[in-house]
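Written out below as C-alpha cells is the structure these notes cover.
In the numbering used here, the protein residues as written are 28 to 1040.
Here it is, written out as C-alpha cells:
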C-alpha cells in the first residue's frame, strides 16, 4: 500500500502543477475539492459523436468513402512530421485518426477506398468483420470497394490492410474507428444494461519522428516513440471530454499504436462492458486497465452529481511527456462537467520556445511564449529548472495588453554558463488584471557544450608491416550531449594537434550517430617505427563542439618469425620408416617465434617447408600448428612428409627448410635440419659360436660384428639392432635379440652377442643365422654359421604340451585349471627345429587364496633336474604381493626350489627364482617381463657346492652358486599358482609346453650374473 500511495500522491502533485487542486474521487464518487481550470485549448469536445456517419444508400445500406492521403502532423511545442491519414472527401484534409465510421447493426456497409498516397499499395482491414483480408490493395490513384454486414454491435477499428507494407502504413496513421450501434438503440453500447447518456471515442497512438521522417528505410526494431497521442493529440493540445454531472458516460477506447497503453481515470471507476467489440459476460469495475496494441475496450463511467468538476483521464504508465521527460505532455485529457471553468478564463502560456535550440552557450538565447485567454495581460515571468511561487520569477518583457500577447526574455551567455549541461526546462507563467497568475507552460533548452563521443574504433589491418594502406573505422555519437548532429571528424598519429589541423575523416551522413572512416596511406605507415603508435580520433557536432579523443593503438611489425628447434624423425630413414606404424610419414617439426620489436609482435599466420631448394614465399608445403590453429606469436608446427616422397630422394644428406609468416605479412628467415636418406644394408662379419662342437655344454656364446656401409653423401647410420635364429627364417625383426658388447647400440659398427640355451636341442648340426638393422630401418642380409650339438644329451623325464586336450599325463589336478586354446604358446616341445606349433595350453584361474595347479610325480630321487615351460601373466593382479607358479618338492614334501611371479603396477610384471640349501633359502633378483609369453627355465642339482640357474628366454639371467643342496632330491613338481596366494589376487595365467630333463653328467654354463647364496 505504501508504494501505491506514493504513486497516487506523485500523480496528484503533477496534476496540481498542471491545473490546480485535482478531483480525486473517494469510493462512491464523492469529491475532495472543485477543480481549477486546466490549460487545454478549447477544442470540440471528444464526446460529441454523431449517431451515424457515411451516407444511407438504401433502407439497410450505408456507403462510406475514405481517401488515403499524405499530410503533416503538428507536434506539441512546435515542429511537424509527415503522416498518412484518411479523409471523408477528395478535398478534405487527412486526419489522425481517420474519420469514424458509425453504422447501425444489420446494415450492409460499402466502403470505397481512394488511394492518393504516392508509391504505396493500400488496402483496408476491418476488425471483427467477416471479410477476407485484402493482401494486394490498390495502387496510387485507384479505388477498391469493401462490403460487409455490420452483424454485431461494438467498438471496432479499421486500418491499412495486410499488404507487404501494411504495418508501416498503420504506424504512419492509416487507422480509424468503426462503431456499430445496436439496431434501434443508438444509446446502448450492447444491450439495455449498457445504456449511456454521453459517449467519448478515444483512439490511442504514438509517434516516433525518426520513423515518420523515413517510413520506408526505418528499422522497426529501433522504433522508440517520443510522443503519445489521444485522438492524434498530446497534452496540452488534447480535446476535453464534456458531459453532465450525474450522467452515464460511455468511453470507447481503441489502441491503434504499437505500444500497450494502460488508461486510468483519476477519482472515478470504469465499468468494463466490452472488449474488442464483444460484450463481456459479466461487467467489472477497475481504475485502470492495459489495452494491448490493436484492441478496443468499452467502459461506462458514472459521473458524480457535483457540477464544475474535472477528472483526469491519463496513461498510468506515466508517458506524460512530449519528446523530453522534463516537460508535460502525453496521453492526458479531462472529463469536464457543466460549470467547469473554461480554459480561456486563465492566462495560458502557450507556444513556449527557446531559440536557438540546441545551443553551445557561446551566445545568448531568446525565450518566448504566447499568453492567451484571460483578460488584459499585465506581466509574465519565467523560471529555469525549478518552478517557484507565482511572482518570484524573472520578469519577461512586452507591451502587454489584450491577449494574445507574445512575451520574451534574453538569457545571456554568462547566464547559460551557469546552467548544467544537457536539458534545462524553462517555465513561463502569465498574469492578467482580473484572475491573476495562470498555469505554466514550458520548453526545454538543450545546452550542448561537449562534442561527440568516439567509440567502436578499429584499424584494418592491425598489426601491419607497412606494405598496405590502413583503414580507420570509428563511430561518433553526439546523443549523450544533446539533439545535434555529428558533422566532422579528424585523426592524428601519436601526437594530437589543434582542432581542424588533423587528417580529415569521412562521415557516412550528418546525423546524431555517424560512421567515421579514413585511410592512412601506405607510405605513412611504412615510415613509422616498429612498435605501437596511438591513433587519436575526435569529432565535431553541428554546434562546433569538438569532442574528446578516442585512442586506438596501431601496431607496426616489420620483423618476421624466427624458426628454431627444427627436427625430423625418424632420421636417418630408408623411405620405409614411419614416425608411427599408423602414420607412414616422417615428421618435420619446428618452433616459430615472432620477435618483440618496439614492444610489438604478431601472431603466427602460417608456416611452410621445402626439401633441399627454397622456393618463393607461399609456395612450400604447409606446416600445421600442433594446437590446431595459428593464433599466437609463439607456435610449434609440424608436417608429415609421406614415405613415398622420401623414397624418391637419392641416398645421402638432404636439407629440409622451414619458415613462417606473421599476420602483419612478414616472412621470417628459414631454419633447417638435415635428413639422411640411407638405403645401404648393414653387413655381418666375424660370426662365431663357442663352444663348437658343444661337447655336452648346455649353452653357447654367439658373437659377430655388424657394420653399416658408408652413405654416398652422408655418414653411415648407427647399428640399432641385431638378431639370430636357428633354422627357418621367421622374418626380419622376429628373431632372437642380440646385445651390443659395449652395452648399447650407438655407432655404425657394433660387436654383438647372444647366449643360447641348447638344452633339448637334437644332436647334430644346427644352422645359426645373424643379421643387423641400422637406424634408417634397413635390415641387412643374413650371415650364417653351423653349430654342432654333441656330447651326452640330458634325458627326458616328462613332457606335455597339453595337445591331447586333457590332463591324463599328470599325476593330479588341483583347483580351477582347464585346457584352453588361448593359452597355447611356443613352437613345440623340446625346441625342435620344425615342431608342430602349439594349439592348446593350460589356463589356471587365480581367485584369492584358491590354488590351481597340476602335479608331476615322474621324478624319482633326481639329483640333477632341468625344467622349462612357457608362462604368460595375462594381466593377473597379485594385489601387491607374489605367489609360486612352479615348485619342486622332495619325498618328504619339502619345497626345495621354485619360481615366483608378481604384478607390480600398470604394465610392470616380474619373475624370480629361489632354492633351498643348508642355510635356508636363496633368491635371484626380480626380473621384469612383459605381459606376453615367456620361456622360463631352471637348472637344479643336489651337491655340497651346487649352482642354481634361472633362464628367461634363451639367455640365462642369474646363477646362484656355492649352495649346499645335498640334503634334497627331486620327487615331485607343481605347475601353476599354488602357494603364497592372498585374498586380493585375481586373473587367469597361461602355461604351456612343460619339459623336464635329467643328466648323468656335468654340463657347462656361462652365467651372466653369479651370486653366492
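No residue lacks a Cβ here, since even glycine has one placed at the ideal position from N, Cα and C.
> What is the rounded straight-line gap between the Cα of residue 1023 and the Cα of residue 950?
Replying inline: 21 Å
>> So, with DSSP's three-state summary, where would you put residue 198?
In response: helix
> Between the segment 236-253 and the segment 206-221, do three or more beta carbon pairs fall short of 8 Å?
Replying inline: no
> Out of 264, 871, 1007, which has the shortest C-alpha to C-alpha gap to residue 841?
Replying inline: 871
> Straight-line CA distance for residue 462 to residue 78?
Replying inline: 39 Å
> What residue does the beta strand (DSSP E) around residue 950 start on, and which one ends it?
Replying inline: 947-950
> Helix or strand or just coil, what does DSSP make of residue 249?
Replying inline: helix
> Run through DSSP, which three-state label would residue 291 get?
Replying inline: strand
> Which ranges does the alpha helix (DSSP H) cover as unbroken runs of at least 4 residues, wholly within the segment 434-505, from first to last along the chain?
Replying inline: 440-444
> When the Cα of residue 585 is compared with those of 96, 415, 693, which residue comes out closest?
Replying inline: 693
> What are the boundary residues of the beta strand (DSSP E) that includes residue 100?
Replying inline: 88-101
> In angstroms, rounded to a whole number, what distance separates the CA positions of residue 72 and residue 200?
Replying inline: Per-residue confidence for residue 72 stands at a pLDDT of 43, beneath the threshold of 50, marking its modelled position as unreliable; no derived number is given.
>> To test your reading of the DSSP string, which unbroken beta strand (DSSP E) runs of 3 or more residues are found completely within the segment 521-599?
In response: 540-547, 558-568, 577-583, 589-596
> Taking buried to mean at least 16 other C-beta atoms within 10 Å of its own C-beta, is residue 955 buried or exposed?
Replying inline: exposed
> Does DSSP put residue 405 in a helix, in a strand, or in coil?
Replying inline: strand
>> Within the continuous alpha helix (DSSP H) that includes residue 674, where are the two ends?
In response: 670-674
> How is residue 715 classed by DSSP in three states: helix, strand or coil?
Replying inline: strand
>> Suppose the cutoff is 6 Å on Cβ atoms and the five residues either side in sequence are ignored; what does the same chain contact list for residue 998 look like?
In response: 886, 917, 918
>> Output needed for residue 135: all residues of its chain with C-beta closer than 7 Å, excluding positions within five of it in sequence on either side, in chain order.
In response: 87, 88, 174, 176
> Using the rule of at least 16 other Cβ atoms within 10 Å of the residue's Cβ for burial, across every protein chain shown, is residue 861 buried or exposed?
Replying inline: Residue placement at residue 861 cannot be trusted, given a pLDDT of 36 that sits under 50; the coordinates are not used to answer.
>> Assuming the contact rule is C-beta atoms closer than 8 Å, residue 589 and residue 696 should be a hit. Round their C-beta distance to whole Å, please.
In response: 7 Å
>> From the DSSP secondary-structure annotation, give me the bridge partner or partners of residue 995.
In response: Beta-bridge pairing links residue 995 to no other residue.
> With DSSP run on the structure shown, which of helix, strand or coil describes residue 124?
Replying inline: coil
> Could you give the distance in angstroms between the alpha-carbon of residue 179 and the alpha-carbon of residue 479?
Replying inline: 58 Å
> Beta-carbon separation of residue 578 and residue 561 under 7 Å?
Replying inline: yes
> Nearest-angstrom Cα distance between residue 487 and residue 637?
Replying inline: 32 Å
>> Does the beta-carbon of residue 742, which I'm using as the reference point, lie nearer than 6 Å to any heavy atom of the ligand ZN?
In response: Absence of the ligand ZN is noted for the structure shown, with no ligands found whatsoever.
> Taking DSSP as the reference, what is the three-state secondary structure of residue 52?
Replying inline: For residue 52, the predicted model reports a pLDDT of 35, less than 50, meaning its position is unreliable and no value from the coordinates is stated.
>> Which runs of the alpha helix (DSSP H) at least 4 residues long sit entirely within the segment 821-859? Give them in chain order.
In response: none
>> On a Cα-Cα basis, can you pick out the residue from 318, 844, 296, 291 that is closest to residue 312?
In response: 296
>> Just to confirm before moving on: does the CB-CB distance between residue 255 and residue 362 stay below 7 Å?
In response: no
> On the three-state DSSP scale, how would you describe residue 884?
Replying inline: coil
> Shorter than 7 Å from the beta carbon of residue 297 to some beta carbon of chain B?
Replying inline: Structure shown: chain B not included; a single protein chain is present.
> What is the DSSP secondary structure of residue 1020, counted as helix, strand or coil?
Replying inline: strand
> If you check the beta carbons only, do residue 116 and residue 145 fall under 7 Å apart?
Replying inline: no
> Where does residue 242 sit, in a helix, a strand or coil, going by DSSP?
Replying inline: coil
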